[in-house]
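If you use mature numbering (1 follows the signal peptide of the UniProt record, and there is no 0), the sequence shown corresponds to residues -28 to -1, 1 to 438, in order.
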Amino acid sequence: MNLNRRNFCKLGAGAAAAALAPYHFALAQTEDGFLEIRAQKAEQSLYPNSPRSTIWTYNGTTPGPEIRVKQGERVKVRFINELDEPSSIHWHGVRIENAMDGVSGLTQNAVKPGERFEYDFVAPDAGTYWYHAHNRSWNQVGRGPYGPLIVEEPYPTFDSEHDITLVIDDWLLDQNGQFDEGSMGMMMDWSHAGRLGNWITVNGKSMPEIDLRAGEPYRLRLINVSNARTLELDPNRFEAKILAFDGQPLPEPISMPYEPYLLSSAQRVDLLVIPKEGQDFVLEELSGNKPFPFATFRVTGKVNGAPSVPVLKPNALTEPDLNAATTHRLHITGGAMGRMGNMTYKGAPLGRQEMMQSMQFWAFNGVANLPEQQFFTAKRGETVIIEMINDTAWPHAMHVHGHHFRIEEREGSTIDEGRPWKDTFLIGPSQTTKIAFVADNPGQWLLHCHMLEHAAAGMTTWFEVV
Ligand code: C2O
Ligand code: CU
C-alpha cells in the first residue's frame, strides 16, 4: 500500500465508510463535581482495515470526551497524567483565568507522570472551543491528546440532534496505515511547513457518514486539531453559512467570504447547513492534486415547510479603542527559502550550524527563543494593537492566549470584512496584518504560531497584562 495524497481517492472509494456516532457528554462527574481526564496511551486504528496504532489520548480515545457546559458555568476537571512525560491541558480559545490556562512552564509547572492537577474555571463565552496538551505540543498534540469543549448558549438553539461536532485531524501514516512514529521532529518539517500528514480523520474515524434530514437547520462545529495542516474547504458548494469563527458568533450568518475557505490549525468554524432534498454532500480537503473527501453527509426525508433557524447572539466582548491604543510590532522572520538571516538564540547569533543544533529556524523580532523572551507588558484595560509583519515565505497560524482579537487590517485583502473576533488567524507569506484587543485579562499569556513545529522552532513569545 502506497500512501500518498494522490492515492487518497482510490483508497477512499474502496474502504467501507464508518457511521459517525454523535458525540456525547460521556463523562460522569465524580462526587466532588470534577470531570476526570486521564492522559494515557491507547491503541486505535487510524486507517480503514489497518492495524491499530499506539497513540496518546484523553480517557482512551482520540479525540477525548466532549466536554459540554453552559455559558457562565464552572468547568472542573481533574487532570491525571498517566503518560511517561510531563503534560498539562490548555483550554484553547477560552478567556480563562491565567492560572488555569494550562501552559507548562509559564502558567503552571508541567504535571509529572503519575501526578494530577485540578482545573477549575468559568467559561465566559458560548461557542466551540477545544482542549489539548500544552507541553512539547508538537510531540504531544501530534499523537492525539485533545478533545472538544463546547460551551452552550444559555438560551435554546440547535438541539443535540442538530448540533454536530467534527474534530478534524491530519495524520502522517506509514506504509501499514499506522502512526508514523519515526517522522516526528524532522528538521525539514520544522524549517518548512510543519509536519503535514497524509490521512484525515473526523472524530477519530476515517471517512464517516453522517445522516441529516432535508430542510432542517444543522450546526456543524468544525475544529482543526492538526499540527500544521491548513484545511482548504469549500462549504459554499453546499450553501453553508458561517455562524461563528473561533467560537464567537457573527451578528448574522454570512456566506464564505472567499474560496476555498482556509481553516488553519486550531481554528474553528461553525457552519449552518440546511440540507436539500436528495442532495448528499461531502467535506473535502482541496489542497492536494485531487480533492480528498473526508466526511460524507447523507440527506434523507422531505422538506416540511420553511425551516426555523436558531439565532446565536454575539458574546459580550469589549471593543478595542483604536484611538487610545498602544501598538507593538512583531516582525516574523526565518524559515526555509532563504529568509533565515540575522537571528539570535540565547543571546548569540544564530548561524547555520547553531540552527541545526538548536532546531531553531524562526524568530520574532530577531530572537528565536522559547518563552524566555517576553514581548510586551500591557496595562489592564488598555487596547493593544499588534502589527504582525510576516517576512517569511510561509503562512502562519498566529494564536493569542486569554483574549479574542479583531482583525483590523490585512494588507492587500478584504477577506476579514466585518472585523471578526478570532483567537487564531492565518497570516499569509509576506503579509502584514493588524489585530486589536483589550488587554483585560491579567497574567502572562502566550502568543505563538499554532503550526506546532514552528512554535517549537522559535515562533513563541508571551506578554503580560498587569
Ligand atoms: Cu491551542 Cu498555545 O495553544
Ligand atoms: Cu508558523
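Even for Gly, the Cβ is constructed at its ideal location relative to N, Cα and C.
Just to check, is the beta-carbon of residue i closer than 8 Å to a non-hydrogen atom of the ligand CU?
i, result
"G114", "no"
"W366", "yes"
"W162", "no"
"W63", "no"
"M158", "no"
"M331", "no"
"G384", "no"
"W334", "yes"
"A11", "no"
"M423", "yes"
Between residue i and the rest of its own chain, which residues show a CB-CB distance below 6 Å, the 5 nearest in sequence each way excluded?
i, result
"residue 455", "Summary: the structure shown does not reach residue 455, with the chain confined to residues -28 through 438, and so no result is reported for it."
"N(-22)", "For N(-22), the predicted structure reports a pLDDT of 44, less than 50, and the residue's modelled location is therefore unreliable. A value from the coordinates is still provided. Excluding sequence neighbours, N(-22) sits near nothing in its chain."
"V281", "P189"
Give me, in chain order, the residues of the same chain whose beta-carbon lies closer than 8 Å to that of residue i; leave out the 5 immediate sequence neighbours on both sides.
i, result
"T272", "D183, L184, R185, A186"
"E90", "F6, K48, V49, R50, F51"
"P414", "N70, R352, V437, V438"
Quick one: does residue i have its CB under 9 Å from some CB of chain D?
i, result
"T316", "Among the protein chains of the structure shown there is no chain D, as only one such chain exists."
If residue i and residue j are in contact, beta carbons under 8 Å, what's the gap, nearest whole angstrom?
i, j, result
"Q332", "A340", "4 Å"
"A369", "W162", "Actually they are not in contact, since the Cβ atoms of A369 and W162 sit about 15 Å apart, beyond 8 Å."
"G166", "N199", "6 Å"
"V139", "Y101", "Not a contact, Cβ separation roughly 12 Å."
I'd like to confirm the pairing. Which residues does DSSP put opposite residue i in its beta bridges?
i, result
"G119", "Y103"
"R382", "T405"
"Y230", "For Y230, which the question treats as bridged, DSSP gives no partner whatsoever."
"R167", "Answer is none; R167 lacks a bridge partner."
"R24", "Its beta-bridge partners do not exist; DSSP assigns none."
"W434", "Q346, L418"
"E90", "R50"
"A335", "T305"
"S259", "Looking at the DSSP assignment, S259 forms no beta bridge with any residue, so it has no partner."
"T298", "V356"
"K394", "F377"
"S59", "V83"
"P221", "A216"
Quick one: using the 10 Å Cβ neighbour count with 16 as the cut-off for buried, is residue i buried or exposed?
i, result
"E425", "buried"
"R382", "buried"
"L419", "buried"
"L294", "exposed"
"K274", "exposed"
"S178", "buried"
"Q239", "buried"
Output needed for residue i: all residues of its chain with C-beta closer than 7 Å, excluding positions within five of it in sequence on either side, in chain order.
i, result
"P229", "I387, E389"
"P367", "T202, L398, I399, G400, P401"
"S22", "N148, G149, Q150"
Can residue i be considered in contact with the ligand C2O, in the sense that its beta carbon sits closer than 8 Å to one or more heavy atoms?
i, result
"L418", "yes"
"H300", "no"
"V123", "no"
"S76", "no"
"A238", "yes"
"H104", "yes"
"A427", "yes"
Using a threshold of 8 Å, is the CB atom of residue i nearer than that to any non-hydrogen atom of the ligand NAP?
i, result
"H371", "The ligand content of the structure shown is limited to the ligand C2O and the ligand CU, which means the ligand NAP is not among them."
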